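In what follows, a single structure is set out as structure tokens and then discussed.
Residue numbers (the numbering used here): 1 to 303.
Structure follows, in structure tokens:
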């Protein structure tokens, strides 16, 4: 895996994509220091399953609490990501802890892999996030038998109304959506270009993670776990995960309809999110009971 020794434009910076020196450091760490055997052992400690729903293979992790009244909890990843990003929190969430009200709480944790990612098969071309929601509802209610569950998800897009958050939104729309546009309109081009290129995957995904400061965690992203030249029949090809952007039109829509439920909504705002969303808007899309700013991260399982 060869990289140039000289940066073409040394003053360009991260605004123009991943920096060569940063990528070279990641490459060296990946080749010399990254312990795949340790990572593999951690993944194998999880209880993992596959099932078939609507003719799709759906992979998921299920870790059960020992408590009889444990709360079912569905953890959902986005792109770039998959179930390994929740490794730091899956086991701890199954252990009881005492809430501020004195109640003992623990969770039965379910972490599915999105269709088209890692071990879940690619969906039809016209698949949308609404279809994924239906798929995972079937998983939780019909396959696993939970009549209700808590859900932790990310990557929703809301409209900002406060000056500081509005400025972050403007900056992201102006300079931060290059990968989004590429994957929305030309998913095959980038997907096939990086299909058999681990270093290319590292550069493409690393550009989006560099600002989030999750250097050790970058190697757990789904496409980078796939070895060069592996048989596509053994799992989902890395080119399929980028299609999630093309399959969901108007990704920056701010028109949301409040769902027909009064289930409590808890919202965390992370420091390195692409866009910021004020309490007032979040309250319009659900029964908001907790809104908290957290000064690190954007991937909650790693933060």
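All residues carry an ideal CB built from backbone N, CA and C; glycine is no exception. Given the structure is predicted, the values throughout are model-derived calculations rather than measurements.
Item to check | Expected contact under 8 Å - CB spacing of residue 3 and residue 202 to nearest Å | outcome: Here the question's residue 3 lines up with position 3 in the chain shown. Here the question's residue 202 lines up with position 202 in the chain shown. Between residue 202 and residue 3 the Cβ distance is about 10 Å, and since that is not below 8 Å, they are no contact.
Checklist entry - What are the boundary residues of the alpha helix (DSSP H) that residue 280 is part of? => result As a position in the chain shown, residue 280 is number 280, starting the count at 1. From DSSP, the alpha helix (DSSP H) with residue 280 extends over 279-282.
Checklist entry - If we ignore side chains and look at the alpha-carbon of each, how far apart do residue 264 and residue 284 end up? => result As a position in the chain shown, residue 264 is number 264, starting the count at 1. As a position in the chain shown, residue 284 is number 284, starting the count at 1. Cα to Cα, the separation comes out at about 13 Å.
Checklist entry - Can at least three beta-carbon pairs, one atom from the stretch 107-116 and one from the stretch 48-65, be found at a separation below 8 Å? => result With a cut-off of 8 Å, the stretch 48-65 and the stretch 107-116 count as touching, because enough Cβ pairs lie within range.
Checklist entry - In terms of alpha-carbon separation, which member of 286, 15, 277, 267 lies closest to residue 292? => result Within the chain shown, numbered from 1, the residue matching residue 292 stands at position 292. With distances taken between Cα atoms, residue 292 lies closest to 267.
Item to check | Given 8 Å, three or more beta-carbon pairs between the stretch 91-101 and the stretch 125-143 | outcome: no
Item to check | Limits of the beta strand (DSSP E) - the one that residue 48 falls within | outcome: Walking along the chain shown from the start, residue 48 turns up at place 48. Unbroken beta strand (DSSP E) run through residue 48: 48-53.
Checklist entry - Quick one: does the C-beta of residue 277 sit closer than 7 Å to a heavy atom of the ligand HEM? => result This structure does not include the ligand HEM; it has no bound ligands of any sort.
Checklist entry - Could you check where the beta strand (DSSP E) with residue 152 kicks off and where it finishes? => result If you number the chain shown from 1, residue 152 lands on position 152. Segment 150-152, the beta strand (DSSP E) holding residue 152.
Item to check | Alpha-carbon to alpha-carbon, residue 143 and residue 247 | outcome: Counted from its first residue, the chain shown places residue 247 at position 247. Counted from its first residue, the chain shown places residue 143 at position 143. Roughly 26 Å separates the two Cα atoms.
Checklist entry - Is the beta carbon of residue 119 sitting closer than 8 Å to the one on residue 51? => result Taking the chain shown and counting its residues from 1, one reaches residue 119 at position 119. Taking the chain shown and counting its residues from 1, one reaches residue 51 at position 51. Contact flag unset, no.
Next on the checklist: Check this for me: beta carbons of residue 106 and residue 70, under 8 Å apart or not?
Outcome noted: As a position in the chain shown, residue 106 is number 106, starting the count at 1. As a position in the chain shown, residue 70 is number 70, starting the count at 1. A contact, by the Cβ cut-off of 8 Å.
Checklist entry - For the alpha helix (DSSP H) that contains residue 57, what are its first and last residues? => result Locating residue 57 in the chain shown gives position 57, where the first residue counts as 1. From DSSP, residue 57 is part of no alpha helix (DSSP H) but of the beta strand (DSSP E) over 56-63.
Item to check | Whole beta strand (DSSP E) elements within the stretch 108-146, 3-residue minimum | outcome: none
Next on the checklist: If you follow the alpha helix (DSSP H) that residue 244 is in, where does it begin and where does it stop?
Outcome noted: The residue labelled residue 244 in the question sits at position 244 within the chain shown. 243-246 is the extent of the alpha helix (DSSP H) around residue 244.
Checklist entry - Quick one: is residue 188 buried, meaning 16 or more other Cβ sit within 10 Å of its Cβ, or exposed? => result The count along the chain shown starts at 1 and reaches residue 188 at position 188. Classification for residue 188: exposed.
Checklist entry - Taking the C-alpha atoms as reference points, what is the distance between residue 241 and residue 122? => result Within the chain shown, residue 241 is the residue found at index 241, counting from 1. Within the chain shown, residue 122 is the residue found at index 122, counting from 1. Using only the alpha carbons, I get a separation of about 8 Å.
Item to check | Residue interval of the beta strand (DSSP E) (run including residue 304) | outcome: No answer is possible for residue 304: it lies beyond the span of the chain, which begins at 1 and ends at 303.
Checklist entry - Going straight from the alpha carbon of residue 73 to that of residue 10, what length do you get? => result Here residue 73 is taken as the residue at index 73 of the chain shown, counted from 1. Here residue 10 is taken as the residue at index 10 of the chain shown, counted from 1. Distance between the alpha carbons of residue 73 and residue 10: 46 Å.
Item to check | Of the residues 243, 109, 45, 55, the one placed nearest residue 125, counting alpha carbons only | outcome: Here residue 125 refers to the residue found at position 125 when the chain shown is read from its first residue. Per the C-alpha coordinates, the member of 243, 109, 45, 55 positioned closest to residue 125 is 243.
Item to check | Alpha-carbon to alpha-carbon, residue 84 and residue 41 | outcome: The count along the chain shown starts at 1 and reaches residue 41 at position 41. The count along the chain shown starts at 1 and reaches residue 84 at position 84. Each residue's Cα considered, the two are about 12 Å apart.
Item to check | Local Cβ density within 10 Å of residue 14, reported as buried at 16 or more and exposed below that | outcome: Here residue 14 refers to the residue found at position 14 when the chain shown is read from its first residue. Exposed: under 16 other Cβ atoms inside 10 Å.
Item to check | 7 Å Cβ shell around residue 128 - same chain, five flanking residues per side excluded | outcome: In the chain shown, residue 128 corresponds to position 128, counting from 1. The residues are 247, 248.
Item to check | Which listed residue (39, 79, 103, 56) has its alpha carbon closest to that of residue 88 | outcome: For the purposes of this step, residue 88 is identified with residue 88 of the chain shown, where counting begins at 1. If we check each option's Cα against that of residue 88, 39 comes out closest.
Next on the checklist: Can you give me the C-alpha to C-alpha distance between residue 93 and residue 45, rounded to a whole angstrom?
Outcome noted: On the chain shown, residue 93 is found 93 positions in, with the first residue counted as 1. On the chain shown, residue 45 is found 45 positions in, with the first residue counted as 1. Between the C-alpha atoms of residue 93 and residue 45 there is a straight-line separation of about 15 Å.
Item to check | Distance between residue 16 and residue 140 (C-alpha atoms, nearest Å) | outcome: What you label residue 140 is simply residue 140 of the chain shown in a count that begins at 1. What you label residue 16 is simply residue 16 of the chain shown in a count that begins at 1. If you take the alpha carbons of residue 140 and residue 16, they lie about 42 Å apart.
Item to check | alpha helix (DSSP H) segment containing residue 32, residue limits | outcome: Here residue 32 corresponds to residue number 32 of the chain shown, with the count starting at 1. Per DSSP, residue 32 belongs to the alpha helix (DSSP H) from 20-32.
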